[in-house]
Each structure stands twice: as structure tokens, then as C-alpha cells.
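Read the structure below first, then the notes.
In UniProt numbering, the protein residues as written are 1 to 475.
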């Protein structure tokens, strides 16, 4: 038995415009019908393990909880990081939390955004690593390389261990092309996957030896943690003061206990659009098409159409991605520079790096259909049984038109039902709430009008999801 620890942080900026800061790649369905997080959890089905522990950022908590529910992991616990501090502190929180609950499990540390084609081979490597971790090794998984990749760090294997794994000789940084070719030809080097297996206490012992300040800060953060619905909130002040460092730099490159198990399972971290093209199904001229695509004389390209038909003529080696509010066209050999576009959006004060038109909330989702100087139109979907917070707006009125389902509306002192093809009006300054009492999704059109339409014009009086109290300006 082991405890899966799934790290679901990161923004996936190189997969913009699908991946956004508030809806990053680990929560997207990029390589199948389930999200990358859900695929990571499903990959464990053939192994004997405890209920998973997920680590994610505060702003992704409801996305994570909903996807765990959909995947049948309501028993999973979710540790919330108030701020990103890299992998060494995140794993320290998981190890300390595991030990605080009366045991000292072996942790299997996984990233939520990895693609693995061969689940059986993955399971075999996990089973091989488990006794090594139980014996006190800090095990990492080295990916058997199939090309001279310059985008990954490498692990050089050392002597073979009795288990069939290897001692780690050294970790090396991302190489240039010639060095990578030499690594591939030698057969001694493996890609660094960022997956690990070790006993919780052993990791903490090594962390204390090499980075005691990280351990001290994480101990303080966890001692000031509190349970909030499905979530464990660690002390924000203590964790914010924690030094940021990766597990590789903080522990794995320094410890004498590092060991490696080879993993040959069709692995990819899908860190770019070209990486997604690599693992996608293709036609006989190398094209991977998703959505409504009409192509003529097009080769070796990825075209992802979400809402409109995309037509291509006479193109090659292009990555074309369309969403409701943005279109990306990039050459396959320059996709690493997509993150520079994201940085430009931030510098220009734009919002497209944060979220797309569709914004996910714990109660459902809304789509910003249209907006002008003094109006905004949204299509809102509320899940069965869900309720928006009891709230008030200082600067806008709202008109609600029910498209399907039935809405239960509290409007000042009145509470009433609004059925399909009916509407209601919420004046400026009126305390109100919206609920779906039915068994099917509630869909409605909301027309906002007023002098200020920002999402921070919300005063919450009560909220099922523990988001904020009176006076908050958090959307």
C-alpha cells in the first residue's frame, strides 16, 4: 500500500489559449475524454493504495474538488497552497500531513498533468519501486528516452541494485542537442520525470538535513492549518515565508539515498502544443485534428477547433488553436515561445491569460457572451441542487431570463420560482440569491446593466462554499 500524492499546481502557460491561469492544463481534457488530473487518478486503479491526497492552489480548489467527485474520489483530501513555493515544500506538507494522521506511509508523488500511454508498464515500475522505497531509498522514475530531447533534465544511472533499479549517479540540467545525442547513444541517461516514491519520514529526514528552513516553515504552516469543507488550508503567513525550491535541488541532488527505476510507458508531460501533437492520433500526412476542421494540402499540423469551423490550405507544421475568445497560430518548432504571448498579455493589462469566456464556479459555470460600456450578457448554468451566494451589488442591476430548468430566486423579502421562458429583475442594492432546486441543470441568460460591471462588485452575506463573508470583494 502507498499514499498517492498528486501535485496539481502550475499554470501551463505554453498551452495557451486552452490553458489559462484559472483553468490550467491539469484540469483540461487534452488527450482524451477525461481531464489530465482524472487520468492520473484512473491510472492508479490497478494498484493497491490509500485515498489520494491532492495538493493544489487556493484559486483552483473548486475545480479540483469537482473533478475528484466526477472521478469517484470523494474520499480524497485536498491540501491548499496559498501561494506556489515549488515542489519541495508541497511534498513536505503532504509528508507532514500523512505522518500527523498516525502512520508513516510510502508516498507516490505524481504530477497531475502527465500523459502515460501504457498503464501496465506504469504499474510495473510502481511495483518495482515500492520495496525500494520501503527499504529507505528515495526513488525517482527515469523515462527511457527515444530522442535527443533538450527540454528535459536527465538522470544518469549508477550501479544496479538488487531490486533491479539503479543508484543515481547524477542529475544533469537540460542539455544542448549534441549533448542530448550523446546521452541517448550511451544508454545511461534517462529523462527526469518528476515522479517520486519514498517513505514520508525518510523524505522529511533528508529535507531537514539539506533544507531545514523549508521543513520548519512547512511544520509551522501545517500546525496552523484548518479544515474548510473538503479542503485543508495551511497557515498562509508561515507558508508564504517558506523558501521556494524544487525537490530535485533541495533533496534529490544532495542525498546519498537516491535511486532510480526505469519507466518505459509512453510518457509525456505535454508541456507544449508540439508535445500534444506527438501523443495525438494523426492522419496519413501527420495531421491531428480536433473539432470542425476542413483541410486542403495540410501536413504535420495540429488544429484544435472548439467553437468554429477552421479551414486550412497549403500549410505545414502549424499549431492552430481556437477558443471562444482567442486564436493561436504557431510554428511547431517555436511553440515554447507561446509563454511569451502570455507574458505580453499580463504586461498589457489584459485578462485573456487569466480565464477564457467560460468561468467555472463551485455552483456551475458562466459564459460572458457580450459586453459594452454599461451592459454585460452572460449565459449561466447552475448545477442541480447548487446555490449562488446571498449577495448584493452596489453598481449594477440584473435581469434573469430562464432558458431551461427552474430557478428559485430570493429577491429582497420575496422568494419565488421562475420557470422556463420567464424572467425576473434584481435592482441595484437588492440582497438576492439564485438556486437550482431541480434535478436538471438550470440555464439562464443574465443581462447586467450599470455604471460598473466588474466581478469584484459583490458583497456576500452567506455562501455555501465558504468563500467570503460580508464586505468581501472576491468574485
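All residues carry an ideal CB built from backbone N, CA and C; glycine is no exception.
Please name the residue in the options whose C-alpha comes closest to that of residue i.
{"i": "residue 46", "options": "125, 233, 305", "result": "125"}
{"i": "residue 204", "options": "333, 23, 451, 105", "result": "105"}
{"i": "residue 344", "options": "405, 7, 13, 229", "result": "13"}
{"i": "residue 362", "options": "351, 382, 21, 415", "result": "382"}
{"i": "residue 27", "options": "360, 122, 250, 177", "result": "360"}
{"i": "residue 217", "options": "138, 90, 401", "result": "90"}
{"i": "residue 168", "options": "187, 196, 257", "result": "257"}
{"i": "residue 72", "options": "40, 395, 327, 22", "result": "40"}
{"i": "residue 237", "options": "321, 190, 220", "result": "220"}
{"i": "residue 197", "options": "95, 33, 425, 380", "result": "95"}
{"i": "residue 506", "options": "417, 337, 402, 99", "result": "Here the chain covers residues 1 to 475 and nothing more, so residue 506 does not appear."}
{"i": "residue 278", "options": "147, 396, 464", "result": "147"}
{"i": "residue 451", "options": "365, 328, 396, 244", "result": "396"}
{"i": "residue 210", "options": "410, 176, 394, 255", "result": "255"}
{"i": "residue 138", "options": "185, 260, 190", "result": "260"}
{"i": "residue 59", "options": "459, 355, 77, 143", "result": "355"}
Buried or exposed: residue i, going by 16 or more other Cβ atoms within 10 Å of its Cβ?
{"i": "residue 276", "result": "buried"}
{"i": "residue 160", "result": "exposed"}
{"i": "residue 229", "result": "exposed"}
{"i": "residue 272", "result": "buried"}
{"i": "residue 432", "result": "buried"}
{"i": "residue 483", "result": "For residue 483 there is no data in the structure shown, the boundaries of the chain being 1 and 475."}
{"i": "residue 140", "result": "buried"}
{"i": "residue 448", "result": "buried"}
{"i": "residue 473", "result": "The predicted position of residue 473 is uncertain, since its pLDDT is 35 and thus under 50; no value can be drawn from it."}
{"i": "residue 307", "result": "exposed"}
{"i": "residue 398", "result": "buried"}
State the CB to CB distance for the pair residue i and residue j, rounded to an integer number of angstroms; the pair is presumed to be in contact (CB under 8 Å).
{"i": "residue 318", "j": "residue 331", "result": "6 Å"}
{"i": "residue 84", "j": "residue 164", "result": "36 Å between Cβ atoms; not a contact."}
{"i": "residue 247", "j": "residue 88", "result": "5 Å"}
{"i": "residue 435", "j": "residue 408", "result": "4 Å"}
{"i": "residue 296", "j": "residue 321", "result": "Residue 296 to residue 321, Cβ: 19 Å. No contact."}
{"i": "residue 266", "j": "residue 149", "result": "Going by Cβ atoms, the distance from residue 266 to residue 149 rounds to 14 Å, so no, they are not a contact pair."}
{"i": "residue 63", "j": "residue 103", "result": "Rounded, the Cβ-Cβ distance is 29 Å, inconsistent with contact."}
{"i": "residue 82", "j": "residue 323", "result": "That belief does not hold up - the Cβ atoms of residue 82 and residue 323 are roughly 29 Å apart, past 8 Å."}
{"i": "residue 384", "j": "residue 406", "result": "Not really, about 11 Å apart at Cβ, beyond 8 Å."}
Between which residues of its own chain and residue i is the CB-CB distance below 6 Å, once the five residues before and five after are set aside?
{"i": "residue 79", "result": "55, 93, 232"}
{"i": "residue 299", "result": "285, 286, 316"}
{"i": "residue 469", "result": "Because residue 469 carries a pLDDT of 48, less than 50, the predicted location of this residue cannot be relied on, and the following value inherits that uncertainty. For residue 469, where only same-chain residues beyond five positions count, there are no Cβ hits under 6 Å."}
{"i": "residue 430", "result": "412"}
{"i": "residue 194", "result": "111"}
{"i": "residue 42", "result": "none"}
{"i": "residue 393", "result": "457"}
Going by DSSP, what residue range makes up the beta strand (DSSP E) through residue i?
{"i": "residue 462", "result": "459 to 462"}
{"i": "residue 183", "result": "Note, residue 183: premise wrong, no beta strand (DSSP E); alpha helix (DSSP H) at 177 to 186."}
{"i": "residue 27", "result": "From DSSP, residue 27 is part of no beta strand (DSSP E); its letter is neither H nor E."}
{"i": "residue 378", "result": "375 to 382"}
{"i": "residue 346", "result": "Residue 346 -> not in any beta strand (DSSP E); alpha helix (DSSP H) instead, spanning 338 to 347."}
Can you give me the start and stop residues for the alpha helix (DSSP H) that residue i sits inside?
{"i": "residue 221", "result": "212 to 223"}
{"i": "residue 237", "result": "236 to 240"}
{"i": "residue 91", "result": "87 to 100"}
{"i": "residue 277", "result": "273 to 279"}
{"i": "residue 126", "result": "119 to 134"}
{"i": "residue 67", "result": "61 to 70"}
{"i": "residue 147", "result": "That residue, residue 147, is in no alpha helix (DSSP H); it is neither H nor E in DSSP."}
Please go through the same chain and pick out, in chain order, the residues whose beta-carbon is closer than 8 Å to the beta-carbon of residue i, but skip the five residues on each side of it.
{"i": "residue 370", "result": "376, 377"}
{"i": "residue 404", "result": "420, 440, 441, 442, 443"}
{"i": "residue 75", "result": "51"}
{"i": "residue 49", "result": "1, 2, 3, 4, 108"}
{"i": "residue 67", "result": "27, 35, 37, 38"}
{"i": "residue 242", "result": "85, 89, 213, 214, 217, 218, 221"}
{"i": "residue 353", "result": "13, 16, 20, 21, 342, 345, 346"}
With a threshold of 7 Å on Cβ separation, who are the neighbours of residue i within its own chain once the five nearest residues in sequence on each side are excluded?
{"i": "residue 283", "result": "none"}
{"i": "residue 171", "result": "153, 155, 192, 248, 252, 253"}
{"i": "residue 131", "result": "163"}
{"i": "residue 401", "result": "423, 444, 445"}
{"i": "residue 30", "result": "36, 270, 276"}
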